[in-house]
Amino acid sequence: MLILGIESSCDETAGAVCRDGEIISNVVLSQVIHKQYGGVVPEIASREHDSQITSIIQKTLDKANVKISDIQAIAVTYGAGLMGALLVGLNYAKGLSIALKIPFIGVNHLEGHLYASFISFPDMKYPYLCLLVTGGHTQIWEVQSPGNYFLHSTTIDDAAGEAFDKGARILGLAYPGGPEIEKIAQHGDTEKYNFPIPKVKNNPLNFSFSGLKTALLYKYRELSQDEIESHKKDIAASYQEAILNTLFRQLDNVITLTEITQISIVGGVAANKRFREKADLLKDNSNIHIYFPTAEYCTDNAAMIAVAGYEKLKERVYSPLTLKVNPNLALNDGAVG
Ligand code: KG4
Ligand code: ZN
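Position one of the sequence shown corresponds to residue 9 (the working numbering), numbered consecutively onward.
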């Protein structure tokens, strides 16, 4: 079955084609216009999706060497994300579905991120723990079987990706902050500055990142301009290390609780190379198996949406044309709309 995947939940306009679950093209356009604003401007994101989606889908089909009339079904993100941005992708998919007389399925963006692991590791077995780390979510899920999720841990304030983005803004770096911090941290000293690993009182398994960001702000104000410039790479490296150590500490706690040792780490933050390096060290010293999708499937893309959709479409589960976008969709709200 030839499926076209469409993703437009935030600031990436993306298309992908998969044949029987195997990705044959994957095209992502990141909207650079937001850099000048230091974050995503929702109205601008919608307009950019609207002006780019037709050419991105054409490029996706060309790369796969297929025609639009060859496509048999469409998988499209319908939540979570920005309302206007989601509407562009969903309405585009509905239009194609009507014109081509083919079914479509609305896919939960978060479940898409989960399925990214299966693109890189098709033989991953259940149950496993999934650390989902994006710009809006930091959660540890126990994935018991396809579609069955139990939440062990979530952030009570900022997400890890947000901590990277807000931290980058404090340091005068561009948006998105994760790749920028990663780049300058590469040659920095991870122990030069001491940032706290935050604890959450009432639920010790949960995450909190807003204190870390505030600690960075205080440190930044305390240092002279000369010191900031000469040690920016050390500040970035120490801050990144504190974010990653926080993620690993909670992951370790959930592993101890559940005794599940198969882990997948997905979402934009999982593209971070230092994250992968630290995971390798952990794996070497234990019987834990950690799976990171390749970086192109960590940040937002339509390949993960196509593959998540395929699992439902092959069972002939389709969405109605009345499907609405859901900006606040949660992972356990169900996979499809
Ligand atoms: O999954 P994603 O592309 O979009 C959402 O669904 O939110 O995640 C975006 C987040 C941003 O906060 C971005 O700064 C972060 O992922 N990110 C990274 C890296 N690449 C993207 N964080 C750390 N290191 C990276 N290399
Ligand atoms: Zn995402």
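C-beta: ideal position from N, C-alpha, C; glycine also.
| query | result |
| --- | --- |
| Below 8 Å on the Cβ atoms is my guess for residue 25 versus residue 41; work out the distance and round it to an integer in Å. | Rounded, the Cβ-Cβ distance is 27 Å, inconsistent with contact. |
| List the residues that DSSP assigns as beta-bridge partners of residue 238. | Answer is none; residue 238 lacks a bridge partner. |
| Take residue 36 as the anchor and find which of 317, 313, 195 and 291 has the nearest alpha-carbon. | 313 |
| Would DSSP call residue 272 helix, strand or coil? | strand |
| Taking residue 97 as the reference, which of 260, 67 and 333 has the closest Cα? | 333 |
| Closest to residue 286 by C-alpha separation, out of 324, 104, 249 and 267, would be which residue? | 249 |
| Could you name each continuous beta strand (DSSP E) segment of 3 residues or more that falls completely within the segment 110-141, going from the start of the chain to the end? | 112-116 and 136-141 |
| I want to know whether the segment 256-264 touches the segment 118-127 - three or more CB-CB distances under 8 Å. | no |
| For the ligand HEM, any of its heavy atoms closer than 8 Å to the Cβ of residue 142? | By its list of ligands, the structure shown excludes the ligand HEM, since it contains just the ligand KG4 and the ligand ZN. |
| Could you give the first and the last residue of the continuous alpha helix (DSSP H) run that contains residue 96? | 91-108 |
| What three-state label does DSSP hand residue 337 in the structure shown? | coil |
| Should residue 241 be counted as a contact of the ligand KG4 given a C-beta to heavy atom distance under 8 Å? | no |
| Please say whether residue 100 and residue 327 have beta carbons closer to each other than 9 Å? | no |
| Can you give me the C-alpha to C-alpha distance between residue 272 and residue 116, rounded to a whole angstrom? | 18 Å |
| Between the alpha carbons of residue 137 and residue 234, how many angstroms are there, rounded? | 44 Å |
| Classify residue 188 as helix, strand or coil using the three-state DSSP reduction. | helix |
| Which two residues bound the contiguous beta strand (DSSP E) that contains residue 299? | 297-299 |
| Can you name the residues that DSSP bridges to residue 83? | 13 and 113 |
| Is the beta carbon of residue 125 within less than 8 Å of some heavy atom of the ligand ZN? | no |
| Taking 8 Å as the cut-off, is the CB of residue 275 close to at least one heavy atom of the ligand ZN? | yes |
| Check whether the Cβ of residue 286 sits closer than 8 Å to any heavy atom of the ligand KG4, and report yes or no. | no |
| Is the distance from the Cβ of residue 93 to the Cβ of residue 54 below 9 Å? | yes |
| Determine the contact status of residue 130 and residue 29, defining contact as a CB-CB distance below 9 Å. | yes |
| Using the rule of at least 16 other Cβ atoms within 10 Å of the residue's Cβ for burial, across every protein chain shown, is residue 202 buried or exposed? | exposed |
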